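In the working numbering, the protein residues as written are 12 to 241.
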């Protein structure tokens, strides 16, 4: 008969384990409701040992936030082939996967949690927004955006954030419908900007040239035409 021997983790391995445990707990409840004792218990170590690796819950929260922000930012990456609407729809699918998996933590982050006032936390949130901004410009094949386009993209990213927060509070709209609506919101914002600026109009024509009638943008046009025909 043999007995199992608990393997001793290295410093970095233990840190990563604690970050993973914290993320799992933060995904189920708001981070300010999760105690160091709970994190220690879930990790199978003592409370003092947690403090050996992280000086406090705020530093652990920020480390978990860094991992989560890297994950969220990566979800905006998408190959540049195919219609823009289909690409953005896949991005929104991955974005809402994250929101679904990390609901309370996502809500606490955007609305204010234990890291309120933390420059590190604020910088990480801003880095996700900037990464999303750069990725969307890449989808549009634009390197130097004019002012109106920057306004459209950054406004849409803020809209996606606020929409996700509202959706988490009751999930009253089917998720798939909301993802498609957000993609159509992007098209609508582009169209409004194009109505005021010929450069934006040229961009709109270019990025929608290969849009199929049954894609998100084509569906929006069809729905609008149906409304005007009544």
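Glycine is no exception: its CB is placed at the ideal position from the N, C-alpha and C atoms. Since the model is a prediction, treat every value here as computed from it, not as a measurement.
Residue 205 sits close to residue 215, with the two beta carbons spaced by under 7 Å. When 67, 35 and 136 are compared, the shortest CA-CA separation from residue 81 is found for 136. Taken through DSSP and simplified to helix, strand or coil, residue 70 comes out as helix. Taking the C-beta atoms as reference points, residue 97 is found no nearer than 7 Å to residue 198. Here the C-alpha atom of residue 155 lies approximately 13 Å from the C-alpha atom of residue 211.
The three-state reading of DSSP puts residue 42 in helix, counting H, G and I together. Its chain contains 50, 71 and 75 as the residues whose beta carbon lies nearer than 6 Å to that of residue 33, once the 5 sequence neighbours on both sides are disregarded; these appear in chain order.
Assigned with DSSP and collapsed to three states, residue 234 falls in helix.
Secondary structure at residue 218: helix, using DSSP grouped into helix, strand and coil.
Rounded to whole angstroms, the Cβ separation of residue 104 and residue 38 is 18 Å, and the two are not in contact under 8 Å. The C-beta distance from residue 153 to residue 160 rounds to 7 Å, short enough to fall under 8 Å. The beta-carbon separation of residue 92 and residue 54, rounded to 43 Å, does not stay under the 8 Å limit for a contact.
In this structure residue 222 is buried. Its beta-carbon is surrounded by 16 or more other beta-carbon atoms within 10 angstroms. Taking residue 195 as reference, the option from 207, 158 and 235 with the minimal CA-CA separation is 235. DSSP, reduced to helix, strand and coil, places residue 82 within a helical segment of the structure shown.
In this structure, the CA atom of residue 175 is about 9 Å from the CA atom of residue 106. With respect to residue 26, residue 64 sits close: the two C-beta atoms are nearer than 7 Å. Here the C-alpha atom of residue 172 lies approximately 10 Å from the C-alpha atom of residue 140. A Cβ-Cβ distance of about 5 Å is found for the pair residue 102 and residue 89, placing them in contact under the 8 Å criterion.
Rounded to whole angstroms, the separation of the alpha carbons of residue 66 and residue 42 is 16 Å. For residue 65, no alpha helix (DSSP H) encloses it, and the DSSP letter there is neither H nor E.
Excluding five sequence positions before and after residue 94, the CB atoms of its chain that fall closer than 6 Å to its own CB belong to 221, 222 and 226, given in chain order. Around the beta carbon of residue 110, 16 or more other beta carbons lie within 10 angstroms, which makes this residue buried.
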